[in-house]
Amino acid sequence: RNDKSWALDEALIKEKVIQQNIRSSVITYTSGNHKDYILAFAKLDRLGLTVLSEIESDLAYLASRRLIEKSIQFALLILLIALIVSIVFTKRITQALSVLYRGTLKIGEGDFTSKINVASGDEIGHLANSFNIMSDKIGSLLEQEKEKVGLEKELATAQTVQNTFFPTDTKTCGPLTISGRYLPATQC
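When the letters of the sequence shown are read in order and numbered with this note's numbering, they come out as residues 1 to 188.
Shown next, in the form of structure tokens:
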């Protein structure tokens with residue numbers, strides 16, 4: 001049982017408060033009609049008065065309950081907004097990554113002309129731009145390699161032609177000995 005809580009008649013409680021040697025305090029009590037009350041009092045010794053203030057507990061705590069309810073509603077609203085924003089951003093990132101993935105598949109198949117179009121200024125947009133630059137460079141290097149292979153084939157053909165024009169064996173015709181010699185051109 002709490003020292004400050006009494007289930008007595010209101011008049012009796014107020015009389016006890018006035019008679020106590022306590023200068024000020026707050027107590028709770030239940031009235032005869034089974035309602036809970038909060039009673040605050042302060043004694044003004046110079047004036048010989050005691051000031052009493054009484055309010056129903058439900059009414060006193062109503063503002064705090066409303067504040068708690070509003071706080072919970074506000075927190076739920078913030079959570080809902082955060083959820084919606086996270087879903088939107090997740091979908092945007094997932095779509096951009098899907099475009100990048102399809103681009104890598106095309107590059108894997110040898111299509112270096114396809115471009116990845118991700119219209120964003122974030123890291124994924126920068127990654128897509130870097131991917132496009134890399135794809136262009138790889139395509140350019142493959143073209144250069146094809147040209148190099150073509151030149152090597154032409155050089156091999158030229159060397160075969162040279163070999164047929166200049167015999168490598170020595171011919172002797174009487175006192176005369178004929179031999180041929182050639183030096184191939186430097187290769188690139």
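C-beta: ideal position from N, C-alpha, C; glycine also.
Rank the options by C-alpha distance to the C-alpha of residue i and give the top, closest one.
| i | options | result |
| --- | --- | --- |
| Ser24 | Pro175, Asp36, Gly108, Asp45 | Asp45 |
| Arg92 | Glu109, Ser135, Glu123 | Glu123 |
| Ser98 | Phe74, Gly125, Leu79 | Gly125 |
Output the distance between the C-alpha atoms of residue i and residue j, rounded to the nearest integer angstrom.
| i | j | result |
| --- | --- | --- |
| Gly150 | Thr90 | 49 Å |
| Asp111 | Asn117 | 15 Å |
| Ile143 | Leu176 | According to the sequence displayed, residue 143 carries Glu and not Ile. Going from the Cα of Glu143 to the Cα of Leu176 covers about 52 Å. |
| Lys35 | Val88 | 52 Å |
So for residue i, helix, strand or coil by DSSP?
| i | result |
| --- | --- |
| Val51 | strand |
| Val85 | helix |
| Ile178 | strand |
| Lys171 | strand |
| Ser130 | helix |
| Glu154 | helix |
| Thr30 | strand |
| Asp111 | coil |
| Ile38 | strand |
| Ser25 | strand |
Can you tell me which residues form a DSSP beta bridge with residue i?
| i | result |
| --- | --- |
| Lys43 | Thr50 |
Between residue i and chain B, is there a C-beta pair that is closer than 9 Å?
| i | result |
| --- | --- |
| Ile107 | Chain labels in this structure do not include chain B; a single protein chain is all it has. |
Quick test of the definition: if touching needs 3 or more C-beta pairs under 8 Å, does the region 71–88 touch the region 36–56?
no
Does the region 127–134 come close enough to the region 96–113 to have 3 or more Cβ pairs within less than 8 Å?
yes
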